[in-house]
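Numbering (full-length UniProt numbering), first residue to last: 1 to 754.
Where is the CB? At the ideal position from N, CA and C, for every residue including glycine.
Every value quoted in this text rests on a predicted model; they were computed, and no experiment measured them.
Quick notes on the structure that follows.
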């Protein structure tokens, strides 16, 4: 350990504040772009023309409609979340206090950290929505300028606002909580209680992420599927055509699903991974002190410095000058931050960890002696594992490669073969990511036991600021979450801007589709490692509560109750996916009927230049009502299943439930997300085909078959698939929070004494 015991605190707090300041700086740069029509230079507004004032007015109207719709939905959703926070916070206080022998301090601290994590998650999601909506129209403006640099930089900086703000805020709030709890637990031997109290922080973040992902996903896919079915399939009007009443609702959904929901999701991953690593490594404080124990937080802190430095590559050093540069610039960001994390993590491990430190083994009674290089290698394995999974995901979802081109070719024989190829592609795409995860888990466990696995999860998220920047940037077509270029393309279409503007935003949109697919693979892989680390922390906590009476030799999967709930746990992701997909279907049916009603009652809406606007508000109301209603049952199932299992059947049953859920969720999430992404890009590939091509381009029967695949894939990749990340994490972190309670119920065997 090179520096003093205060060095970790100084670096962590500095990195957190720097991240938030950098986010503010990026926002100020975006705010300098005027939303007005004056010229095509980089210092003025829109493209010149005879109707500039009308164009500006139309852009402003669209911007305000999207903003007001997103704002009203999030207000309604967060009101429900506020009630949930109050009620569940009280439940946490009572059950944790009771499970720890009426230790009211632990119950109170756990409940407070839950509230803090939930509020931080809400703030992260709301901030992302505000920034996305604010930046959408400015990206459209930038797309009308000469060249590609300003357009790319605007969306990239918009992503950076959320990426750095979320990371800085998350680290700051978590570490301040640690320091506050340390006042009550000043001695190193009591830090195990401190870290256990902090697990509520991860639970709060993940709970809100569940509602954000599910609610936002149902919202946007109801509008999107409805718009596609009635518009593109039945009436043959283009996507984002202003004549389609569901268009604004679709664009609103883009800002409340993948930006607000995705921000909360990745914040939850960061919080849960950190909590798991702190619980598993709390005993390190006995031999290494405070700085050694908070090493996982320090890794995330140095990640902010690395991501900030690498951000200059895209915006200032190797700028985007042509269409081909866009995808390359985004990939360079991911690769460069991963490579630079190697010396950064080595510095952190040599700075904060002692030359030797002891760690209690997860299985058995041995005490393991570790060295800084072992911890460093675990983090690095996680970082490169995330990069590999991201690139493999790109291979299976980008139309630059063979799998998606084969999928597009399958559309020649209709929608049925498109479905068969797409589902097969998703299943096949899970093979390499799962093997990579297996290698990372084996290697990190061999190096540093379960603590090594938790450090690998931290490694996956070490360049989270860049991952979020790329994800929020991306123009994921038909994707929930306010993807800037996706919105820019929509606004350009709706404002009837010049064709070259739409061509540019389409190209940027295509690159964003690829990067967002990478982000989904990255998120699923990190969720798998986080869930496994949380499971290890759960086992460790039960051992501590039972004085090594339970799980001393690990979890025996051949115990009857454990094996039974292993099968039940494997069923949970399928039940969850079925519920969320049906919810999208129910809401989409209502949207289809509403859009068709408007077209039937006012057929002139389909004219080339209609004199009357569609009723956008009616479609927004349908999506809002349906999503708020439909998000409750799947969320309740995920939260109540481990809670009731632990109380009624005990910790052996919970162990089986968590393992089964983890294994099934990983496979299903990867396959669903990649099938949906591949269908989406196959449709785009066909749309770009010339009239002389075998694929025959937009408007052909082949294109219609591709549109059906894209529509089916919407809930795969934007509702059920991404939300499965949260299923495995939320069940694991909830079990960790209530571990003492589960053990206290008849000594861990549950009410039914199985």
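First and last residue of the uninterrupted beta strand (DSSP E) at residue i
i: residue 719; result: From DSSP, residue 719 is part of no beta strand (DSSP E); its letter is neither H nor E.
i: residue 549; result: Looking at the DSSP string, residue 549 is not in any beta strand (DSSP E), and its letter there is neither H nor E.
i: residue 358; result: 357-360
Where residue i falls, given that 16 or more other Cβ within 10 Å makes a residue buried
i: residue 375; result: buried
i: residue 387; result: buried
i: residue 11; result: buried
i: residue 489; result: Residue placement at residue 489 cannot be trusted, given a pLDDT of 44 that sits under 50; what the coordinates show is reported in the next sentence. Answer is buried; the Cβ neighbour count reaches 16.
i: residue 557; result: exposed
i: residue 198; result: buried
i: residue 609; result: exposed
i: residue 741; result: buried
i: residue 322; result: exposed
i: residue 31; result: exposed
i: residue 413; result: exposed
i: residue 636; result: exposed
i: residue 652; result: buried
i: residue 743; result: buried
i: residue 572; result: buried
i: residue 110; result: buried
i: residue 693; result: exposed
i: residue 224; result: buried
i: residue 85; result: buried
i: residue 291; result: buried
Spatially closest choice to residue i from the options, by CA coordinates
i: residue 251; options: 593, 555, 746, 65; result: 65
i: residue 624; options: 246, 355, 379, 661; result: 246
i: residue 416; options: 635, 102, 264, 704; result: 704
i: residue 552; options: 622, 364, 544; result: 364
i: residue 746; options: 702, 582, 546; result: 546
i: residue 401; options: 414, 596, 425, 288; result: 425
i: residue 135; options: 149, 119, 121, 153; result: 153
i: residue 297; options: 15, 404, 607; result: 15
i: residue 666; options: 194, 634, 427; result: 427
i: residue 342; options: 113, 378, 326, 541; result: 378
i: residue 330; options: 281, 472, 106; result: 472
i: residue 678; options: 408, 185, 593, 340; result: 408
i: residue 328; options: 222, 470, 249, 214; result: 470
i: residue 525; options: 707, 269, 133; result: 269
i: residue 151; options: 315, 213, 306; result: 315
i: residue 358; options: 291, 126, 285; result: 285
Endpoints, the alpha helix (DSSP H) within which residue i is located
i: residue 409; result: 402-410
i: residue 184; result: 149-184
i: residue 562; result: 560-601
i: residue 681; result: 651-687
i: residue 213; result: 191-227
i: residue 266; result: 260-280
i: residue 26; result: 7-31
i: residue 429; result: 415-429
i: residue 741; result: 739-744
i: residue 290; result: 284-293
i: residue 465; result: 464-473
i: residue 618; result: 616-630
Heavy atom of the ligand NAD within 7 Å of residue i beta-carbon
i: residue 702; result: The ligand content of the structure shown is nil, which means the ligand NAD is not present either.
Is it true that the segment 444-462 meets the segment 677-685, where meeting means three or more beta-carbon pairs spaced less than 8 Å apart? no
Sufficient close CB pairs (3 or more, under 8 Å) joining the segment 665-682 to the segment 703-720: Short answer: they touch.
The segment 634-643 touching the segment 566-578, judged by at least three CB pairs closer than 8 Å: Flag = yes, the segment 634-643 and the segment 566-578 touch.
Determine, using beta-carbon pairs with one atom in the segment 267-280 and one in the segment 529-536, whether at least three such pairs fall under 8 Å. yes
My parser needs the alpha helix (DSSP H) runs of 4 or more residues fully inside the segment 295-374; what are they? 295-312, 323-352
Would you call the segment 336-356 and the segment 288-306 touching, i.e. three or more CB-CB distances under 8 Å? yes
Contact between the segment 68-78 and the segment 613-628 (3+ Cβ pairs under 8 Å): The segment 68-78 is in contact with the segment 613-628.
Should the segment 544-557 be called in touch with the segment 184-191, which here means at least 3 C-beta pairs below 8 Å? Too few Cβ pairs lie closer than 8 Å, so no.
Meets three-Cβ-pair contact criterion under 8 Å: the segment 203-215 and the segment 80-94: yes
Is the segment 587-594 touching the segment 217-225, taking contact as three or more C-beta pairs under 8 Å? yes
Mind the definition here: the segment 722-729 touches the segment 75-84 only if three or more C-beta pairs lie below 8 Å; say whether that holds. no
Touching by the beta-carbon criterion (3+ pairs, under 8 Å), the segment 648-662 and the segment 728-737: Using a Cβ-Cβ distance cut-off of 8 Å, the segment 648-662 and the segment 728-737 are in contact, since at least three pairs of beta carbons, one from each stretch, lie closer than that value.
Does the segment 159-166 come close enough to the segment 20-32 that 3 or more CB-CB pairs lie under 8 Å? yes
Does the segment 388-408 come into contact with the segment 426-441, if we say contact requires no fewer than three beta-carbon pairs (one atom in each stretch) closer than 8 Å? yes
Would you call the segment 367-384 in contact with the segment 450-457, where contact means no fewer than 3 C-beta pairs closer than 8 Å? yes
Would you list, in sequence order, the uninterrupted alpha helix (DSSP H) runs of no fewer than 4 residues that lie entirely inside the segment 95-139? none
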